[in-house]
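What follows is one structure encoded as structure tokens, with my remarks underneath.
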């Protein structure tokens, strides 16, 4: 198919497609002439993946490029790819204090979770714990048990769903999409469940008009 | 205390404090002279809250201003405040298709969760479901059970932890911090649990050097 059809089929604009082609995020089509190229289903799939990572994950282009490069490199194992996708989502906040980092390590040890020494997750988790501590909230494993338990439950289901003997391409795709999209899904489902639980607990006298919040 | 001490104690820079004062996010200090004002613990607490919402929630200033205004308004009930904080976090993606919105309503109904018709959560959830569908993923309640169950478990714990008879200020503060910070905590814990579960399942032969991902 031509560029215009590719744009229609993928829901990505022509200027964006050209940008992804130039940046190497999208492989070139088969050249038909000096100015025309032919694209196929693989191009549509790749554009949908870019769009998903961009819209849902709100990941910067450079991060998406790293994920895609790992996806396309058969020497990168499935476990390594998971690490790369996780590192993309684990955005540590501006400042992680030593106290935050120590709190993260202590929490992980107390939960019995194995997270490698250099993992970016220690810093990103530490940055959240640090803010919780500043707010006077406890950050020990006991106090955080409901969240740790929920995280452990979904992670177990997610990791178990990757067939150990699947072709690399299938597993890799599942991981790239899964790490980013199901994280956002969990975030949104938590909000929905909160609304439902709070209506049950505090009654339905909630004025909808109060919900408007300025965004920019 | 003076402005410089307030900056030190809160970890917020003097230009940022002046910006928050001008924008009404931080109440003025008690005037000591034409150019000097006195600040107290309440100012430190408010600045830490702004910093938490900004750094962890990555919320725009206008959104933070809405949350703070609701927090300071005694006529806004605790349940309403929860809705406002949720709306701030429930950022719908650029485009929500009718199909995405229908998928969200169907899922919520099948889960038996009560989410009001006009709630922003329907759109933000719908925008994620829509991308999952585009990726060929199932979005029915059965397929999404592990995430829904985890979300329900944390939400139940979170809502139960708000004492029904607490003074409004205490409950309000808990909600504003909780909705934003514990959402991010859950996100980070899921990544840590994933890393731990995947190391267990696929072995520890994971190269740390592979983890570097470009951020910008």
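Chains as they are written, first to last, in our numbering: chain V, 914 to 1129; chain F, 914 to 1129. Idealized CB from N, CA, C, for every residue including glycine.
Residues sharing a beta bridge with residue i, DSSP
i	result
residue 951 of chain F	F/943
Residue from the options whose Cα sits closest to the Cα of residue i
i	options	result
residue 1107 of chain V	F/1110, F/1082, F/1111, F/1064	F/1064
residue 1073 of chain V	F/1066, F/1073, F/1059	F/1059
residue 938 of chain V	V/979, V/1039, V/1015, V/944	V/979
residue 955 of chain F	F/1091, F/942, F/1019	F/942
residue 1102 of chain V	F/953, F/1031, F/965, F/1038	F/1038
residue 953 of chain V	V/917, V/972, V/1033, V/932	V/917
residue 1022 of chain F	V/1109, V/951, V/933	V/1109
residue 1095 of chain V	F/929, F/1096, F/1057	F/1057
residue 1114 of chain V	F/929, F/934, F/1026	F/1026
residue 1067 of chain F	F/1050, F/1049, F/1079, F/1100	F/1100
Residue i: first and last residue of the uninterrupted alpha helix (DSSP H) it sits in
i	result
residue 1049 of chain V	Neither: residue 1049 of chain V is in no alpha helix (DSSP H) and is coded neither H nor E.
residue 999 of chain V	991-1002
residue 980 of chain F	974-985
residue 929 of chain V	927-935
residue 1060 of chain V	1058-1073
residue 1021 of chain F	1011-1024
residue 916 of chain V	916-923
residue 1101 of chain F	1081-1115
Close Cβ partners of residue i (< 7 Å) along its chain, the five nearest in sequence each way excluded
i	result
residue 1081 of chain F	987, 991
residue 1062 of chain F	none
residue 926 of chain F	920
residue 886 of chain V	The structure shown does not extend to residue 886 of chain V, since chain V is modelled only from 914 to 1129, so the question has no answer here.
residue 1091 of chain F	1071
residue 1030 of chain F	none
residue 1123 of chain V	In this prediction, residue 1123 of chain V scores a pLDDT of 40, lower than 50, which makes its location untrustworthy; the coordinate-derived value is nonetheless stated afterwards. Nothing meets the Cβ criterion.
residue 1010 of chain F	1043
residue 947 of chain V	none
residue 934 of chain F	941
residue 1118 of chain F	With a pLDDT of only 47 at residue 1118 of chain F, under the threshold of 50, the placement of this residue in the model should not be trusted; the figure read from the coordinates follows. Nothing meets the Cβ criterion.
Cβ pair residue i, residue j closer than 8 Å
i	j	result
residue 1098 of chain V	residue 1008 of chain F	no
residue 997 of chain F	residue 977 of chain F	no
residue 982 of chain F	residue 957 of chain F	no
residue 974 of chain F	residue 924 of chain F	no
residue 1044 of chain F	residue 1016 of chain F	no
residue 959 of chain F	residue 1047 of chain V	no
residue 1084 of chain V	residue 1075 of chain V	yes
residue 1104 of chain V	residue 1002 of chain F	yes
residue 1069 of chain F	residue 1020 of chain F	no
residue 1093 of chain V	residue 989 of chain V	no
residue 915 of chain V	residue 949 of chain V	yes
Same chain only: Cβ atoms within 8 Å of residue i, ignoring 5 sequence neighbours per side
i	result
residue 984 of chain F	994, 1085, 1086, 1089
residue 1012 of chain F	1043, 1046
residue 1078 of chain F	none
residue 930 of chain F	916, 919, 920, 923, 939, 960
Contacts around residue i, its chain only, beta-carbon distance under 6 Å, and the 5 residues preceding and following it disregarded
i	result
residue 1032 of chain V	none
residue 966 of chain V	972, 977, 1093
residue 951 of chain F	942, 943, 945
residue 1000 of chain V	1033
residue 1024 of chain F	1054, 1061
residue 1050 of chain V	none
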